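What follows is a single structure, written as structure tokens, with notes after it.
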């Protein structure tokens, strides 16, 4: 899936990847997809949990070497 926006949060520790993801997704339109790159282990649980709390759609994650790619679709 092609993302509408890509943000690199490698090197950031919890809670900063989630804080910065929330800021980035606020700038997007409903239906657009945000791809984030993070190497903080906490993001594996935090990204899906944040999506559940905010109503955004967690589209999945994929290991990419020394970091993980997360895809989130902004909802209404």
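In the numbering used here, the protein residues as written are 1 to 76.
Ideal Cβ positions, reconstructed from N, Cα and C, are used throughout, including at glycine.
Note that the structure is a prediction, hence the values are computed from the model and not measured.
Checklist entry - Are the segment 1 to 13 and the segment 44 to 58 touching, with three or more C-beta to C-beta distances below 8 Å? => result Taking a cut-off of 8 Å on C-beta distances, the segment 1 to 13 does not touch the segment 44 to 58, as fewer than three cross pairs fall below it.
Next on the checklist: Considering only their Cβ atoms, is the gap separating residue 33 from residue 73 smaller than 8 Å?
Outcome noted: The answer is yes: Cβ separation under 8 Å.
Next on the checklist: So, for residue 59: in the same chain, excluding its five sequence neighbours on each side, which residues have a beta-carbon less than 6 Å away from its beta-carbon?
Outcome noted: Closer than 6 Å at Cβ, skipping near neighbours: 71 and 73.
Checklist entry - Which residues in the same chain have their Cβ closer than 7 Å to the Cβ of residue 56, if we skip the five residues on either side of it in sequence? => result Within the same chain, residue 56 has close Cβ partners 25, 72, 73, 74 and 75.
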